[in-house]
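Counting in the working numbering, the sequence shown runs from -10 upward without gaps.
We treat Cβ as the ideally placed atom computed from N, Cα and C, and that holds for glycine.
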Amino acid sequence: MTKEVPEKEAKLASWTNQKFKEAMLAKESYTDRWLQYLNAWDNSLYEDTYAPSYKTNHVSNFVYSSIESMRPILFDNNPRFEAIPVTPEAMEYTQDINTIIDWEWHRTNMQEILLANSIYTFTLGTSIIMLPYLYKNDVDSSTDGDVTPIAVSPFNLYPDPLATCVEDCEYLIYACLLYTSD
């Protein structure tokens, strides 16, 4: 037994599908280059190339060694956040805001998320941390939900092809696999 999809939802799904196809086509050249950059990092860029039998197949991967030597240095210490008030009245709240930001940094384990996602930062020049608001369904919960950082692969994000930056996007599609129990 199939359910009838309301016309309004069908139009929205059709519009979204069309925008997703447009964004995917516009991003295709980036995706191809990004795959080459990642292959250079993990040393698989030249795997399928032919070399004479007398030549060694050992290649020093300077891309990998450069990136992997930078990552521990850049992520050795936690950053220091500093809230700066815009008005004199806000001065009394800046220390509380600094404490909250520092607490959230540690609560969400942002140091490890950024370190793991830094492969995209250094190889592609693009990395994304999404901060979705996750609702809680508990009636007894004292808070409504949490903001939980999620490392997003740039391969799964499809911006509006006409946008010049994120702020200009009419839409931004995050594509991921959904697993259901059905």
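A direct Cα-Cα distance of roughly 30 Å separates I102 from E11. The beta carbon of A152 is closer than 6 Å to those of C158 in its chain, skipping five residues each way along the sequence. Between the region 80 to 90 and the region 52 to 68 there are fewer than three C-beta pairs closer than 8 Å, too few to call the two in contact.
Relative to the Cα of V136, the nearest Cα in the group N98, A164 and D65 belongs to N98. Going by beta carbons, T112 and I56 fall inside the 8 Å limit. A straight-line Cα-Cα distance of about 15 Å links Y19 and A29.
Under a 10 Å Cβ-count criterion, W23 is classified as buried, with 16 or more other Cβ atoms of the shown protein chains found around its own Cβ. Short of 7 Å from the beta carbon of V52, and not among the five residues preceding or following it, lie these beta carbons of its own chain, in chain order: A29 and W30. K0 and I86 have their C-alpha atoms roughly 43 Å apart. A Cβ-Cβ distance of about 3 Å is found for the pair P150 and A15, placing them in contact under the 8 Å criterion.
Its Cα nearest to that of P68, the residue E93 stands out among V75, E93, S54 and N50.
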